[in-house]
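Just below is one structure, and these are the notes that go with it.
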Amino acid sequence: MFTFAILSQIALNGITLSAIYILVALGFTLIFGVMRIVNFAHGEFAMLGGFALSFFYVSLGLHFLVALPIAAVAVGAFSLVLERVVYRRFYQREMPGMIASLGVSIALMYGGVALWGTHQRSIPSAFSAVYTIGPIFVTAERVVVIGVCLVSLALFYLVLRFTRIGLAMRVVAEDRITAEAQGIDTVATYRFAFFISTAMAALAGGLIGQLFSLSPFMGLMPLVKAFIVVILGGLGGILGAAIGGLVLGLGESFVSTFYGASAAQFISFGLIIAILLFRPQGLVGRKEG
Amino acid sequence: MSVLLAVQGLGKSFRGLRAVNDVSFDIREREIVGLIGPNGAGKTTAINLISGAIRPTSGVVRFRGADVTGMPAHRLARLGLIRTFQATNVYAGKTVFENVYVGTFSSRPSGFWPSLLLTAAFRREREQTRSRIEALLEDLGLRDLADTPAADLPYGYQKMLGLATALAGKPKLIMLDEPAAGLSAEEADLISVLIGRVRDQGVSVLVVDHNMRFMAKICNRMVVLHHGMELTSGPTADVVRDPRVLEAYLGTEHSVA
Amino acid sequence: MALLLDSDDAPSARWRPLARWAAWAAAAAALLAFPLAAGGFLTHTATLVLLTVIGAAGFHLILRVGLVSLGHAAFAGIGGYTSVILMMTFGLPWIVCFVAGGVSAAALALLVGPIVLRLKGVYFVLITFTFGEILRLIFNDWQSMTGGANGISHIPPPWPALMDTRAYYYLALFAAGAAILFCARLLASDFGRKMDAIRESESLAEANGIPVFAVKVIVFAIGCTLAGLQGSLQAHFIRLISPLAYSFQESLNFLVMNVVGGSNSLVGPIVGTVFLVALPEFLRGWVEYQFIIYGVILVVVMAALPGGLVELWQRACRWITSLSTRSGR
Amino acid sequence: MRTTLLAAAALALAALINPPQGAAADLKLGVIAPLSGGGTDWGIGTQRGVELAVDEINAAGGLRVGSETYRVSTVTYDDQYSGQGGTTAATRLIEGDGVKFIFGPLGSTPVLAAQAVAAPGKAVILSSGYSPRILTPQGRHNFRVTLATPEFAPAFIGWLRRTNAQAKRVGIISPNDATGQSVVPILVDAYKKAGFEVVLDEKVERGTSDFTPLVTRMIAQRIEVIELDSSTPGDAGLIVKQARQLGYRGMIMQTGGPAIDEVVNIAGGLAEGYTTMEWFDAGSPEAAPLVAAYRAKYGKAPMNAFVPIMYNAAKLLFEAVKRAGSTDVTAVSAELEKLEGHPSLFGAVRWGGQERYGINHQLMTDFFIAQVKQGKPTVIDRVRP
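Protein chains in written order, with full-length UniProt numbering: chain A, 1 to 289; chain B, 1 to 257; chain C, 1 to 329; chain D, 1 to 385.
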């Protein structure tokens, strides 16, 4: 079983998953870091992203690589409405914010059911080519997924590192009171962070729809993965999300190929508990306080 | 006057960073001791270490003759060592009376069943506690506010209530973390009078505060911390004139500005 | 009753004792007479409500020390499976199985509690979610013991007479009544004050001599015990047990009941449970929108009514009182 | 305040007491099906099948029983595909609505739950779960109106043996739910009897969407037949797509279903060669009137197999009620048993199950083997179990 061909196939599968997980988890951890909200509706924004992509790509017939960012921006824009109406009331209040986001999650999920029904649907493959590199099968679909993730992660990093608003987000995440005292417009910062977060989730949702399938219930998977990634990497950290995503994607791919899906599930849950107990700050995080 | 609290070689490091390093001092009965030092000198950490909120990495804390190093805070409270905090000192959702009632727990029998079953003995004891709380509130001038939610109190009264709650636990030693912070000069004076009265009733006090005027007025002795180390200690009059103390304070003032 | 609910701050001073007793008597009579007036299905639903109230009250206790356990339903599962397996495989009498259901949940909570309670806030939510899911996977995969995903069917009722829904209603009423009185008494006692102090500020409570960690472990164990007892009663009522009924969605339901009803008083979970079970009745023909409405309610309650429906009621009372005093002048 | 709230709650509940039951000339049929969550499409199919049969008999003037003519109506409740939902829905139908004839549920757990509520003898249940425990000698009023795995697996796998003489290594992917757990042992047994070797038997948790690890494993084990068992249509489509993308060249079978339209929808061109069973051939001439009625009432919505199955079951029930001359549960059950040979949408009625379950309450029907050819689902064979 442990041949080079299989191991490299597993690595490739794992990296595809990792790319998506990181994209989802980054937005999740950003909202937590900046606003201290555990956004239970994060997966639903991914779901909306999938359906938005389906609309722009399938119904309107735009090119896939054009439709994808448009879908993400559309969902991001929609999320700003929710930010204004709901989320803004709960910033910096962890428990009430979590419960309210749960309400948003339920409402969006079943709103999706009312609009689109419950059956799984797919987004037709935009890139159907399959390449064989030696013994490994590489689909163009997966190459695109990895590429899109890399580009958006790079963009995210650049924004965070080199723009004013990125700096503002980092400062607010570090110490809100000081940030306010220094005249940073926290409301605008929150709004921008929220937009970026949900747009990234929507992007991931589109990629999930392309690679797998779409349904109003599809949001649970990205949410649970985001949880696991941030627990692995530590809540609120960027580097942590990247490392957590890689560990989870590769680990899942490896374990479920060799030991089966149930084993993978037990192992990942066991790992979460162990990490929460012994390193609640995550594998790379710093201790708080 | 016998020694109530003895701290020897107390130390704590976070990830190799020494927040408190080799601090030793005593507090005797009926004594008010001030713990001073510039920002980040490790004053609050020292209180946290003594009160059991965090565990020291080195050193020994003895309270009333027993080694209490690393003992959890609730057990220390039952032994008679009670502290207050810089920020949260009241249960915001509870009334003034209820706040103080919670404070009495460390001085009362803690059985689970008598209270659940409302035994006659429990009710008698609770009646006594109630009178005691009323007397305490009367004494502190909070009587009329007994049914007011703590969250609705002005800031000065909240500080007062925090003190009342701590006193309700019948402490032998009370540790006050910045009791006068954010108060007006008038309110601070009120608190200092109060602290004096507490001492007169036989309770020792350890105070941390930035307000030197306030500290100089109430403290018998002072311990000065700087960079987590003990800079000097002695009678208040000597310490406030010590040039090293002045330098430590001014030094940080400059770096802040 | 007045004695059981004794507390220093009861706002009951306004009430004349006679009126209070009369109200209690009326409520008790209404609950006792309910199955006689209502049909079989309503009695069935009411029984489910009563049983759910037991678990929701357990969840409430845990919530009152500031913790949200998303593994709560899994503890109900532990109670249910223990009770059913003891009865059906080992033929033990029901009462033994019922007690064992509660004891097993308590034992597991005492085992796990000291570990998971080291975490707070969001981290506690996450670890209980994970733990609950692990338990669900075990229920689902340990086929030789739990019957796997199919679960165990044809579970006998506690005793044959309880095959009848009406009879079971009275058992449920008794159990729910006992559970609620116990919780009310607990919350009104000194222990309850300690719980509230912990919810407001753990460090302050600790400094005031409250053994925070021990109190949390005890509360977690009591809450889980109630869940376990509910699980046992429910399995013997539905006469079928399967892992699906103990997923984290069910724990979420407990949370929604508490939040919607009100998380500051024990009345909250009771009102919340009734509301959540009754709501679909009012929304008939709107089945597909039912969950959307749940979600919106949750958001609205959190945003505008942190005390839940109980607070709404209190506000309404105050408003009426102010109206009547105004018109009296 | 607590007291008043309690009293108010009790009164509110009491106010919900059901309206009086319908007039004597009204016959209510119950439908229990999933109308929320994953199985919704099948639930709607179940509901529509019964409704079409009901429309038909009402249009013909109603159901004549003895001297009386009944107008037939349906009451449908959602079971959320769960045991508790099945119990609640059945209690509601039997106790609240006074229903004596129930169509569905279609998941194993809710069927068992509904049967427990209806015992002893409160209602006839015409269900369609896969679990072997649904039919027992004691359950005199429980019938199964779809073929379940024990019936069709040997015939389907026998067909596979005949058409693929060399294939040997089989890998099974099944959902880790009630149906998957009860069915897999039966499938494994059937494959072994037909001379195959079951090399891998993988259970998948709900909500899994990445099957590449499983498929990689299958390929590494040189599997020649991937069996998808009772995987949901969406999962089946994904597995087919991912397997082909990873270069899997063997057979992909689904002994269970029906899912072929969704598989084509999701896997597109990669679905070629996917083989499954169909309970019903919607393209056959016998099916034409039903398809027309369905189109007239529900428009272009896809018609899944539960529509003809439940339509057929409702018509069988009407016939049995007519013959019994009453709506008595015991009499109608007895007449249902005696319908052997009666013409139906699925051909002459055949009851089976005696050897396997100890009772002849399994409706035996021919089924069809369908395969994706040139991107289109095509019926390629008809098999009699």
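Glycine residues also receive a C-beta, built at the ideal position from the N, C-alpha and C atoms.
For residue j and residue i, the rounded distance between their alpha carbons
i                : j                : result
GLY270 (chain A) : THR130 (chain C) : 8 Å
THR232 (chain D) : VAL112 (chain C) : 36 Å
LEU116 (chain B) : ILE208 (chain A) : 55 Å
ALA25 (chain A)  : ALA241 (chain A) : 6 Å
ALA264 (chain A) : MET221 (chain A) : 15 Å
GLY49 (chain A)  : PHE127 (chain A) : 19 Å
PHE367 (chain D) : VAL124 (chain D) : 25 Å
GLY65 (chain B)  : GLU127 (chain B) : 33 Å
PRO154 (chain B) : ALA205 (chain C) : 22 Å
ARG199 (chain C) : PHE275 (chain C) : 26 Å
GLY77 (chain C)  : ALA107 (chain C) : 14 Å
TYR87 (chain A)  : SER101 (chain A) : 8 Å
THR43 (chain C)  : ARG166 (chain C) : 6 Å
HIS72 (chain C)  : ALA194 (chain D) : 47 Å
SER13 (chain B)  : VAL3 (chain B)   : 27 Å
VAL300 (chain C) : GLY97 (chain A)  : 12 Å
GLN21 (chain D)  : ALA113 (chain D) : At GLN21 (chain D), the pLDDT of 40 sits below 50, so the modelled position is not reliable; the number obtained from the coordinates is stated separately. Rounded to whole angstroms, GLN21 (chain D) to ALA113 (chain D) spans 24 Å at the Cα level.
ASN176 (chain D) : SER242 (chain C) : 13 Å
LYS315 (chain D) : ALA334 (chain D) : 16 Å
GLY283 (chain D) : GLU272 (chain D) : 20 Å
VAL310 (chain C) : PRO149 (chain B) : 19 Å
ALA23 (chain D)  : LEU135 (chain D) : Note that ALA23 (chain D) scores 42 on pLDDT, short of 50, meaning its location in the model is unreliable; the coordinates nonetheless yield the value given after this. Approximately 34 Å, taken between the alpha carbons.
VAL111 (chain D) : LEU246 (chain D) : 39 Å
7 Å Cβ cutoff met for residue i and residue j
i                     : j                : result
ALA201 (chain A)      : HIS42 (chain A)  : yes
VAL145 (chain D)      : SER131 (chain D) : no
ARG78 (chain B)       : SER106 (chain B) : yes
VAL219 (chain C)      : VAL65 (chain C)  : yes
residue 388 (chain D) : LEU214 (chain D) : Outside the displayed span of chain D (1 to 385) sits residue 388 (chain D), for which this structure offers no information.
residue 295 (chain A) : MET35 (chain A)  : The shown model of chain A, from 1 to 289, leaves out residue 295 (chain A), and the question about it has no answer.
PHE143 (chain D)      : LEU29 (chain D)  : no
LEU298 (chain C)      : LEU305 (chain C) : no
PHE156 (chain D)      : MET277 (chain D) : yes
GLU44 (chain A)       : MET109 (chain A) : yes
LEU339 (chain D)      : VAL329 (chain D) : no
Candidates the options, of which the one nearest residue i by Cα
i                : options                                   : result
THR186 (chain A) : A:SER197, A:ALA199, A:ILE196 and A:VAL171 : A:VAL171
LEU5 (chain B)   : B:ASN21, B:ALA19, B:ASP22 and B:ASP26     : B:ASP26
GLY147 (chain C) : C:GLY101, C:LEU181 and C:ILE85            : C:ILE85
SER110 (chain B) : C:HIS60, C:ALA214, C:ALA245 and C:LEU92   : C:ALA214
VAL321 (chain D) : D:GLY49, D:GLY39, D:SER67 and D:ILE44     : D:SER67
HIS236 (chain C) : C:GLY80, C:ALA175 and C:ALA22             : C:GLY80
THR216 (chain D) : A:CYS149, A:SER59 and A:SER256            : A:SER256
LEU176 (chain A) : A:GLY14, A:GLY33, A:ILE20 and A:ILE123    : The residue you asked about is not Leu; residue 176 (chain A) is Arg in the sequence shown. Considering only alpha carbons, the answer is A:GLY33.
SER230 (chain D) : D:ALA155, D:THR69, D:GLN254 and D:VAL264  : D:GLN254
THR208 (chain D) : D:GLN221, D:ARG161, D:LYS315 and D:ASP235 : D:ASP235
ILE267 (chain A) : A:PHE278, A:LEU277, A:ILE196 and A:GLU252 : A:GLU252
Worksheet entry | Residues within the segment 99–124 of chain B neighbouring chain C, beta-carbon criterion of under 7 Å | TYR101, VAL102, GLY103, PHE105, SER106, PHE112, SER115, LEU116 and LEU118
Practice prompt. Answer yes if the segment 118–138 of chain C comes into contact with the segment 223–241 of chain C, meaning at least three C-beta pairs across the two stretches below 8 Å, and no otherwise.
Written response: no
Item to complete: Determine contact between the segment 179–187 of chain D and the segment 137–157 of chain D, defined as no fewer than three beta-carbon pairs at a distance below 8 Å.
Response: yes
Discussion item. Please identify, using Cβ separations under 9 Å, the residues of the segment 244–264 of chain A that lie next to chain C, in order along the chain.
Written reply: SER262
Fill in: Contact between the segment 73–89 of chain B and the segment 169–180 of chain B (3+ Cβ pairs under 8 Å)
yes
Practice prompt. Answer yes if the segment 87–95 of chain B comes into contact with the segment 39–51 of chain B, meaning at least three C-beta pairs across the two stretches below 8 Å, and no otherwise.
Written response: no
Practice prompt. Would you be able to state if there are at least three C-beta pairs under 8 Å between the segment 4–14 of chain A and the segment 217–234 of chain A?
Written response: no
Worksheet item: Which residues, taken in chain order from the segment 1–27 of chain A, show a beta carbon closer than 7 Å to some beta carbon of chain D?
Response: MET1, ILE6, GLN9, ILE10, ASN13 and LEU17
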